[in-house]
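Those protein sequence lines, which keep their order, are chains A and B.
Mapping of the first sequence onto the numbering used here: residues 1 to 233, in sequence order.
Mapping of the second sequence onto the numbering used here: residues 234 to 366, in sequence order.
Below is one structure, written out as structure tokens; the observations come after it.
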Amino acid sequence: MILSGWQAVFFWLFAISAIFAGLLTVMARNAVHSALFLISSLMSVAALFILLGAEFIAGVQILVYVGGVMVLFLFVIMLVNVGAEERGSAPIFNSNRQVAASLVFCALLVFGLVIAAGKSDSALSFIYKVKEDTAKPADDQPPGGGPSLPVAGTGVARRSLETERVGTRLYSYASLPFEIASVLLLVAIIGSVMLARTLKQEAAADDLAPEVLEQEVQREPELATVPHQGETT
Amino acid sequence: MFGFLTNASLLLLQTNEGGSAIVNKMQHPDITKFLAISALLFIIGVAGVLTRRNIIVIFMSIELILNAANLNFVAFSRYLQGTSAANPVAGQIFTVFVIVVAAAEAAIGLGIVIALYRNKETILLDEIDLMKW
């Protein structure tokens with residue numbers, strides 16, 4: 001869109017910040033530094049979402065992506081304790097041939113991006129149809145006319161109906177994928193709990209086959225004394 | 234490589250002077266810059282996935298890739314707002330689902346990393362070679 005004035009300033013600020021933080025995510029030596037750079041990249045992209053008028057998605061990104069997924073990453077980094085190795089001079093990238101091959105692949109992607117952008121006018125022209133109506137709504141008015149939006153609390157801008165539109169469509173057109181997404185999250189929760197259990201926890205929950213339990217007891221004798229939960233008849 | 238970088242930066246700096254096909258700038262916003270940003274983030278994420286040894290940093294690069302796709306979706310959703318498309322907010326709806334899938338995938342992937350660390354005591358991809366012939 002034609003970003004004017006402060007919008008252009010903020011666009012360039014957050015765009016450069018997102019790319020710079022993304023680059024540092026990939027190149028940082030310490031995994032915690034990578035996580036923090038990724039957090040700042042995600043916040044910059046959330047600001048870009050707001051510039052595009054998608055306030056709901058920006059809020060979801062900050063709450064779920066940064067507040068949930070990245071915190072999970074930091075917890076796992078803490079559990080796995082990578083800091084000690086990365087502080088030394090251990091190589092953090094693959095061997096030189098692999099790095100060169102991946103850089104060639106990325107150069108091909110950049111090449112494709114440049115070619116696609118060079119033809120951008122003709123490539124995107126099939127998407128829209130030229131409309132003849134003379135009513136050209138301003139940027140902060142609802143498209144297609146209609147009553148003008150109420151003024152926001154600060155008196156500077158107008159309230160946006162974007163979240164309402166997204167919510168309406170999400171629950172009417174996309175209700176089936178919405179329910180499937182909730183089932184997907186349930187499966188992910190169960191799967192991750194099952195994947196991260198220790199042998200002691202599995203023994204306590206009686207989830208080990210008897211012969212496996214005997215094998216493990218030979219290696220770790222204290223497994224035999226794990227208190228079992230109440231058995232069902 | 235430097236030529237590509239120059240071209241990419243020229244792309245980002247260009248104004249809409251050659252946009253004779255774009256009739257009404259208010260109704261058909263120019264999202265080329267946002268698409269370029271998203272493509273650059275995607276490329277950086279792909280480079281991270283292909284070159285790092287640490288599994289957790291590879292997962293973070295995957296999140297960067299998914300984020301770039303989200304930016305692309307939302308940019309197109311904004312692009313379709315003023316047109317007569319059937320469902321102009323479809324981009325933002327799909328973004329919600331991409332975030333859901335990314336969260337689920339991160340949870341399971343990190344569970345696998347924890348289980349792997351318990352058994353092999355390492356998270357560097359070079360040293361996890363049990364399945365190599």
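By construction, the Cβ of each residue, glycine as well, lies at the ideal position given by its N, Cα and C atoms.
The model shown is predicted, which means the values in this text are computed figures rather than measured ones.
Is the number of C-beta pairs between the region 187-198 of chain A and the region 329-343 of chain B that are closer than 8 Å three or more? yes
Which value, in whole angstroms, describes the spacing of the CA atoms of residue 58 of chain A and residue 279 of chain B? Position 58 of the first sequence, counted from the start, is the residue given in the question as residue 58 of chain A. Position 46 of the second sequence, counted from the start, is the residue given in the question as residue 279 of chain B. Roughly 23 Å separates the two Cα atoms.
Closest Cβ-Cβ distance between residue 364 of chain B and chain A: below 8 Å? Here residue 364 of chain B refers to the residue found at position 131 when the second sequence is read from its first residue. Judged by the 8 Å Cβ criterion, residue 364 of chain B is not in contact with chain A.
Residues of its chain near residue 73 of chain A, where Cβ-Cβ distance is below 7 Å and the 5 sequence neighbours each way are ignored: Residue 73 of chain A sits at position 73 when you count from the first residue of the first sequence. These residues qualify, in order along the chain: 35.
Report the residues of the region 277-291 of chain B with a CB closer than 8 Å to any CB of chain A, ordered along the chain. 277, 278, 279, 280, 281, 283, 284, 285, 286, 287, 289, 290
Straight-line CA distance for residue 178 of chain A to residue 334 of chain B? Position 178 of the first sequence, counted from the start, is the residue given in the question as residue 178 of chain A. Position 101 of the second sequence, counted from the start, is the residue given in the question as residue 334 of chain B. Those two C-alpha atoms are separated by around 12 Å.
Give the interface partners of residue 62 of chain A over in chain B, defined as CB-CB distance under 7 Å, in chain order. Here residue 62 of chain A corresponds to residue number 62 of the first sequence, with the count starting at 1. Under the 7 Å cutoff, chain B gives no residues; its nearest Cβ is about 11 Å from residue 62 of chain A.
With DSSP collapsed to three states, give me the class of residue 151 of chain A. As a first step, residue 151 of chain A must be located in the first sequence, where it is residue number 151. If DSSP states are grouped into helix, strand and coil, residue 151 of chain A belongs with the strands.
Mind checking if residue 165 of chain A is an interface residue toward chain C, Cβ cutoff 8 Å exclusive? Among the protein chains in the structure shown, which are A and B, there is no chain C.
At a Cβ threshold of 8 Å, is residue 154 of chain A touching chain B? In the first sequence, the residue the question calls residue 154 of chain A occupies position 154. For residue 154 of chain A, the answer is no, since every Cβ of chain B falls outside 8 Å of its Cβ.
Can you list the residues of chain B that residue 169 of chain A reaches, using a CB-CB cut of under 7 Å? Start at 1 with the first residue of the first sequence, and residue 169 of chain A comes out as number 169. Those within 7 Å of residue 169 of chain A in chain B are 320, 322, 326.
Quick one: is residue 75 of chain A buried, meaning 16 or more other Cβ sit within 10 Å of its Cβ, or exposed? Position 75 of the first sequence, counting from 1, holds the residue named residue 75 of chain A. Exposed, by the Cβ-count rule.
Beta carbon proximity, residue 183 of chain A to chain B, threshold 8 Å: Within the first sequence, the letter at position 183 stands for residue 183 of chain A. Not closer than 8 Å to any Cβ of chain B, the Cβ of residue 183 of chain A fails to qualify, so no.
Should the region 52-67 of chain A be called in touch with the region 161-169 of chain A, which here means at least 3 C-beta pairs below 8 Å? yes
Quick check on residue 190 of chain A - is its C-beta less than 8 Å from some C-beta in chain B? Translated into positions along the first sequence, residue 190 of chain A becomes position 190. With 8 Å as the cut-off, residue 190 of chain A does not count as an interface residue toward chain B.
Is the CB-CB distance between residue 297 of chain B and residue 277 of chain B below 8 Å? Taking the first residue of the second sequence as position 1, residue 297 of chain B is located at position 64. Taking the first residue of the second sequence as position 1, residue 277 of chain B is located at position 44. Yes, Cβ-Cβ distance for residue 297 of chain B and residue 277 of chain B is below 8 Å.
Ordered list of alpha helix (DSSP H) runs contained in the region 23-80 of chain A, each at least 4 residues: 31-51, 55-60, 71-80
Which residue or residues does DSSP assign as beta-bridge partners of residue 357 of chain B? Here residue 357 of chain B is taken as the residue at index 124 of the second sequence, counted from 1. Per DSSP, B:287.
For my contact list, residue 286 of chain B and residue 94 of chain A are in at a C-beta cut-off of 8 Å; report their separation, rounded to the angstrom. Here residue 286 of chain B refers to the residue found at position 53 when the second sequence is read from its first residue. Here residue 94 of chain A refers to the residue found at position 94 when the first sequence is read from its first residue. Contact flag correct, Cβ pair sits at about 6 Å.
Residue 311 of chain B, DSSP secondary structure in three states: Working through the second sequence from its first residue, we reach residue 311 of chain B at position 78. Residue 311 of chain B falls in the helix class under three-state DSSP.
Is there at least one Cβ from chain A nearer than 8 Å to residue 361 of chain B's Cβ? For the purposes of this step, residue 361 of chain B is taken as residue 128 along the second sequence, with counting starting at 1. No, its Cβ sits nowhere closer than 8 Å to a Cβ of chain A.
What is the DSSP secondary structure of residue 97 of chain A, counted as helix, strand or coil? To locate residue 97 of chain A, count along the first sequence from 1; it is residue 97. Residue state, collapsed to three classes: helix.
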